[in-house]
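According to the working numbering, the sequence shown is numbered sequentially starting from 530.
Quick notes on the structure that follows.
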Amino acid sequence: MLKLASEVHVVMIDEGKDLPSLDASTYLSRHGIASELHQISAKKRKASEVIEAFAVEKDAAAIVMGAYGHSRLRETLMGGVTREQLFRSKFPLLMGH
């Protein structure tokens with residue numbers, strides 16, 4: 530699916546914590562998929578809001594994202610980006626875990 534996309538953007542949201550490595554971009558590159566990496570500061574916004582705004586700005590056809598960045602317990606108790614995207618996104622979602 531991503532090989533057919535005219536553009537692929539990898540978005541990493543900086544919430545004042547350590548950013549993950551470039552694993553997603555490296556993985557895509559190894560599979561022949563060119564991508565552009567974007568590190569965006571959350572600036573007191575929810576990560577899900579930043580993702581949605583970026584998708585709108587790029588006129589995205591869909592959002593592809595990992596399903597967990599925190600423990601399942603924390604995600605269940607406190608919610609998180611995954612839950613926000615599942616219930617509020619205006620874009621088709623493809624989740625990987």
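A virtual CB, placed ideally from N, CA and C, is assigned to each residue, including glycine.
Per DSSP, residue i is paired with what?
i      : result
Gln568 : Met541
Gly625 : Gly595
Report back the beta-carbon spacing between residue i and residue j to the nearest angstrom; my notes put them in contact at under 8 Å.
i      : j      : result
Leu557 : Leu533 : No, Leu557 and Leu533 are not in contact; Cβ-Cβ is about 13 Å, not under 8 Å.
Answer yes or no: do residue i and residue j have a C-beta to C-beta separation smaller than 8 Å?
i      : j      : result
Asp543 : Ala571 : yes
His538 : His567 : yes
Ala576 : Phe620 : no
Ile562 : Val540 : no
Ile580 : Leu622 : no
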